[in-house]
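Protein chains in written order, with the working numbering: chain A, 71 to 418; chain B, 71 to 418; chain C, 71 to 418; chain D, 71 to 418.
C-beta atoms are modelled at their ideal positions from N, C-alpha and C, and glycine is treated no differently.
Remember, it's a predicted structure, so these values are computed and weren't measured experimentally.
Here is the structure we will look at, set down as structure tokens.
4 protein chains.
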Amino acid sequence: MKFTVAVAGCTGYAGGEVLRLLLGHPEITIGNLTAGSSAGTRLGEHQPHLVPLADRQVLPTTAENLAGHDVVFLALPHGTSGPVAEQIAAQQGGDKVLVIDCGADFRLESAEQWTKYYKTEHAGTWPYGLPEMPGQRELLKNTRRIAVPGCYPTTTTLTLLPALTQGLVDGHDVVVAAASGSSGAGKAPKPNLLGAELFGSASAYGVGGVHRHVPELLQNFAKLGAPEPSVSFTPLLVPMARGILAVVTAPVRPGVTAEDIHAAYVKAYADEHFVHVLPQGQWPQSQHIVGSNAVHVNATLDADAGRLVAVGTLDNLCKGTAGGAIQSMNIALGLDETTGLTTIGVAP
Amino acid sequence: MKFTVAVAGCTGYAGGEVLRLLLGHPEITIGNLTAGSSAGTRLGEHQPHLVPLADRQVLPTTAENLAGHDVVFLALPHGTSGPVAEQIAAQQGGDKVLVIDCGADFRLESAEQWTKYYKTEHAGTWPYGLPEMPGQRELLKNTRRIAVPGCYPTTTTLTLLPALTQGLVDGHDVVVAAASGSSGAGKAPKPNLLGAELFGSASAYGVGGVHRHVPELLQNFAKLGAPEPSVSFTPLLVPMARGILAVVTAPVRPGVTAEDIHAAYVKAYADEHFVHVLPQGQWPQSQHIVGSNAVHVNATLDADAGRLVAVGTLDNLCKGTAGGAIQSMNIALGLDETTGLTTIGVAP
Amino acid sequence: MKFTVAVAGCTGYAGGEVLRLLLGHPEITIGNLTAGSSAGTRLGEHQPHLVPLADRQVLPTTAENLAGHDVVFLALPHGTSGPVAEQIAAQQGGDKVLVIDCGADFRLESAEQWTKYYKTEHAGTWPYGLPEMPGQRELLKNTRRIAVPGCYPTTTTLTLLPALTQGLVDGHDVVVAAASGSSGAGKAPKPNLLGAELFGSASAYGVGGVHRHVPELLQNFAKLGAPEPSVSFTPLLVPMARGILAVVTAPVRPGVTAEDIHAAYVKAYADEHFVHVLPQGQWPQSQHIVGSNAVHVNATLDADAGRLVAVGTLDNLCKGTAGGAIQSMNIALGLDETTGLTTIGVAP
Amino acid sequence: MKFTVAVAGCTGYAGGEVLRLLLGHPEITIGNLTAGSSAGTRLGEHQPHLVPLADRQVLPTTAENLAGHDVVFLALPHGTSGPVAEQIAAQQGGDKVLVIDCGADFRLESAEQWTKYYKTEHAGTWPYGLPEMPGQRELLKNTRRIAVPGCYPTTTTLTLLPALTQGLVDGHDVVVAAASGSSGAGKAPKPNLLGAELFGSASAYGVGGVHRHVPELLQNFAKLGAPEPSVSFTPLLVPMARGILAVVTAPVRPGVTAEDIHAAYVKAYADEHFVHVLPQGQWPQSQHIVGSNAVHVNATLDADAGRLVAVGTLDNLCKGTAGGAIQSMNIALGLDETTGLTTIGVAP
């Protein structure tokens, strides 16, 4: 007996990626597909790469259309998942439905931070779907609510995690620059996201600590043991569709060697199926994780600068959103965590 | 009991794609991996996206290293498969090994055409691995030798096939312009294939009927019923890694309508799992087939020009090389033709 | 005494390119800059590359704001230049103002063709700004109205011109596939023009003779001597911001050799400053013309197909729009035709 | 009377860019063009975008071929300029020739640092061609030897300069991540620079303080007043041909506001023609400086992180190499510093 899944926001990038992965998931039956303004159209108009679903009708995103499924994915704009989640919860048996929010609404534990960065009322906090964080996997078992982490926080957290948990850095004065493909900005058309603006161009945005992923980063660093976390985070937009590559540096504990650092990473991720620590001297390249749920990571010492330098990459739509969501779903449903997911990228 | 497979040329693009697909194939065990100058290195140096094979040692391409497998893929430079194939054939039981050549050596039936275009002696002709060509699927059953078609001929042939087999065009004065990503040119470094030369740039090459895929195209058109095939074929290099998009036009039989044309395509491909005919008015985009074995195709009438215009796209490394090869392998081994292959692309 | 120039539509791609070139033009003073919804903003918000104009205020596009200049460039959406041109003409001295329309409104001579393709009433016909067409340069001298050709017609016409004027082809059954960067589609945000949709993707659009540049092509072929012009034209969108590369084939007169063809091109363009015929065997690459007013072209024979194959490339925003416009402006104003323009591209 | 210029290394990217700019320089006559293995070919084979020089013959790089010019540009691989410079100096009047080295050989003042990073003997130290550094412009007047700065150091130094010279930061614990297009890696073909490897991919390299530009950065920071400079520098390769975008952060002096920072940048660069400080809230995008000699820069405060964050972008081949070289040449020759250079980029 397979689990039935509905997807709200099926015409966007996150929704499309959820569906791409679910089509290859052996324990899932794809149920209703819903959207806002695209309701009434064929899915094939919006997601031509999902050939088996080309003739599916897009339904309006209503509580009725989402009802009666074992799992509901919400791939909606930030701030809009809250009300839909409430409607689901209010339905008969709504608390038994596994609701997975790919948006930001339920990620933050601090209502204050939520309001500071999102300017709306805090909807609540759900179990955080990053199984590689110590303790988190347990919290996801049998949960019926999952908040999918942001793509930058997933990348940055997994890139720094071993250094934090093994005490090589203390999580203070972390500096991050992360280059992202433009699919992370979504499918709503804006002039600055036009191809003609992005080809042959790198740019920075959200400079000066104002990006909404900053409080999520600090929340994660604290959970990983940082007593006084602080981070300077600068996102870059670079000319590609998918992928994030994060450069994460932090002051390193005196006496730590490059070998110590690499060994710590190998040890921390020895049992993690989706995190691949590269050999010393080989650095991650985002092309290699496209379409996969893998994270490629490596780290070394910059002795003269007194900093640990770690580099990590993942597919923002897959491990950074939909793949990570399905990994957490598998845990919540009691399935093998890797079901329907791959570590193998589509390259070149 | 799974089939064991060796791959010669495992560090290149075609070899890498064969391995990417075989890693997801449930009936296959991956055996020896061989290469030329890279022998002795870790595969992870060359194919970092193939995480499960990262620590595999690359062996030299010798008859010994390829021996003892059920299937051998040759992903070697054009003109070099012939001698390796001979060595395999000369081994004990060598005629029972399924040898699949991803190169050009065994595609052409005419030794004269081979010598005209490749300037070497003709190695022979093997069953042609394009199952969607009428009659071809039968020839692949139980064969122990498969010549994988060229990526441009696969695209062009499948883009024009319904028009030829259903008599809408006669295969004379076909004009093709096909835009390809640069992975089709292989991984051997040449100045004109550098990223800096290709970013933001479209170019034509092999202009004037001199591209080596021309005789293969004419061979296919003839098999599809063209009494006097002729083709003007111009390949373009465009700034992307994967994908071919072919525009194929041909003088159309008088009286044929746009609806006739679309209906002929729908009918011809109704039972083909990997060929997806788009609805009228929707045109193929190469992004949608990346990583998949799908072909997206559509066709219409240009009434004023008196031509049928068809557009098709596929992933040159997947359906155009490695995916097509595995599809044919499945047939030859008696497996379901679609095993280990998907119609779903990685987009955006 | 310099000529004063106003630009309507200064925030778009065509308007930005007009300004980029005018900033380097020694005989021009840049006057009012106008736009629609962006009126009231700094130009630097929209065109950060035009540093010397960063603090210029964008004015509303009104007849008043365009009045009092020697030259007015209209870089407006198709169908909207007509009314603005009428307002200018109605002003005192309006007939002495040089009005240059970068849009389509005044390109076509046939009102019927206009209405068929643009679905609105025909605004009229102005001298056609393609000086390289025989006789056209004379018509541009002292004119006060110029219709700038479409970017595809400029590319295609100049790619085929020598073959037509020297009788190597008769302009019947011409087949064109032209790959374009996405700046040609303008700056109005649409989902299909997002970077995430275009990276790594080639696509066809306007297939089947429905593109609005078809009647303009046929008009040009007829002027170049084609008794019964016909064309199958397919535009492609490829992942780059600027540049068009056109592959143009046509049935060749029997007996013509590759050498004849190349010689005809060299001869036809011997005195054309902006058209560069490459040596035999070297084919145009769009990167080499970025930012320049040059056209790179070459042609040869496909003997087996019985077709001449010509390839040409230019920068759609420069020679294909703004550069061509300024070239024609120079002629109309009695300046040296090459003033403020370069044949040198920005590559790689 | 124009100055005559020879260019050694005319077939590479730096040499090509020097020539592109010199072709538009009113005080220059282009003399001999030399190269290594390409000697004897047409320049048009290598630099098709330089139409006016297409038929120039490439000469071998010898002292004889470089003799007799007023200016010699060396655009040669690192470590090879030294011997050529010696040969020029040994010629009669060789000390009166203005020799401009686009390579690294003469940038560093410390022989020890040179040998540590370049593993060869130090060739010497020439006046450093970064006129925007206080005091540097004076040193370039009438000099006959110029060391052109590295592209990353130019970007990073100009991005941090106002903060250092005005005491907002002290140059300790600077963290830099800089995304570069691949032309910076040159034209010698290597597998990792192939287009197929770079499309859709971001990667880090030279991680951990090992990049050769680190000692040059520290040398610059010290000259700008840093008592104990230290830097963590991580270069990224992103999918574009041209441009560098640097994110530079450093611990900020307590009490400094975002407004202080922006005002310091505006003040520091008020008289610098080529450095454009964007308005608060607008961040640099590399597309806007392509082909220009401009630097776009902005900076703000990350109060929570206690860091100043500055972002700068320039064209690595132009302001970062050839344009900067010509700017310095102008100063050395007593010409207006801006001659032949533009602040206007080619965008989109």
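Rounded C-alpha distance that separates residue i from residue j
| i | j | result |
| --- | --- | --- |
| Val318/D | Ala247/C | 45 Å |
| Pro354/D | Val277/A | 11 Å |
| Leu123/A | Ala369/B | 22 Å |
| Pro418/B | Thr131/A | 23 Å |
| Ser302/B | Gly241/B | 11 Å |
| Ala105/A | Arg90/A | 16 Å |
| Lys186/D | Arg112/D | 39 Å |
| Thr227/C | Val360/C | 19 Å |
| Gln161/D | Lys260/B | 37 Å |
| Gly237/C | Thr327/C | 13 Å |
| Asn400/D | His358/C | 27 Å |
| Ser136/A | Ser252/A | The sequence shown places Leu at residue 136/A, not Ser. Cα-Cα distance, rounded: 29 Å. |
| Asn386/D | Arg312/D | 6 Å |
| Ala249/D | Ala217/A | 32 Å |
| Lys337/D | His366/D | 15 Å |
| Gly325/D | Pro297/A | 24 Å |
| Gly295/D | Leu306/A | 29 Å |
| Trp184/C | Thr235/B | 38 Å |
| Val167/D | His139/D | 7 Å |
| Ala133/B | Gly382/A | 40 Å |
| Ser180/A | Gly415/D | 45 Å |
| His119/B | Tyr198/A | 28 Å |
| Val204/B | Leu263/C | The displayed chain sequence assigns Pro, not Val, to residue 204/B. About 38 Å. |
| Leu92/A | Ile158/A | 21 Å |
Proximity to residue i [Cα-Cα], best of the options
| i | options | result |
| --- | --- | --- |
| Pro201/C | Ala395/C, Gly410/C and Gly415/C | Ala395/C |
| Ala233/A | Lys389/A, Lys72/A, Ala334/A and Leu144/A | Ala334/A |
| Ser273/A | Thr104/D, Leu384/D, Thr74/D and Ala160/D | Leu384/D |
| Phe73/D | Ile414/D, Pro309/D and Leu403/D | Leu403/D |
| Asp330/C | Ala266/C, Asn212/C, Ser108/C and Val239/C | Val239/C |
| Lys189/D | Thr225/D, Ile158/D and Gly149/D | Gly149/D |
| Thr412/B | Asn363/B, Glu191/B and Leu371/B | Asn363/B |
| Pro285/A | Ser398/A, Arg177/A, Asp406/A and Ile98/A | Arg177/A |
| Thr99/A | Gly85/A, Ala316/A, Val141/A and Ala155/A | Val141/A |
| Ala84/B | Leu264/B, Pro147/B and Val345/B | Pro147/B |
| Arg323/D | Ala340/D, Glu179/D and Asp372/D | Asp372/D |
Own chain, CB closer than 7 Å to residue i, minus 5 neighbours either side, in chain order
| i | result |
| --- | --- |
| Thr408/B | His343 |
| Leu103/B | Val77, Cys80, Leu113, Arg126, Val128 and Leu129 |
| Glu97/B | Lys72, Phe73, Leu405 and Thr409 |
Beta-carbon proximity list for residue i, same chain, < 6 Å, skipping 5 on both sides
| i | result |
| --- | --- |
| Val244/B | Val301 and Ala320 |
| Ser151/B | Leu144, Asp171, Gly173 and Asp175 |
| Pro299/B | Gly241, Leu288, Phe291 and Ala292 |
Residues of its chain near residue i, where Cβ-Cβ distance is below 8 Å and the 5 sequence neighbours each way are ignored
| i | result |
| --- | --- |
| Glu87/B | Leu387, Cys388, Thr391, Ala392 and Gly393 |
Every unbroken alpha helix (DSSP H) within the region 87 to 135 of chain D, with a cutoff of 4 residues, ordered by chain: 113 to 116
Runs of alpha helix (DSSP H) wholly within the region 306 to 369 of chain B (minimum 4 residues, chain order): Entirely contained in the region 306 to 369 of chain B, the alpha helix (DSSP H) runs reaching 4 residues are, in chain order, 328 to 338.
Touching by the beta-carbon criterion (3+ pairs, under 8 Å), the region 370 to 384 of chain D and the region 277 to 295 of chain A: yes
Segments of 4+ residues assigned as alpha helix (DSSP H) that fall wholly inside the region 201 to 251 of chain C: 206 to 210 and 221 to 235
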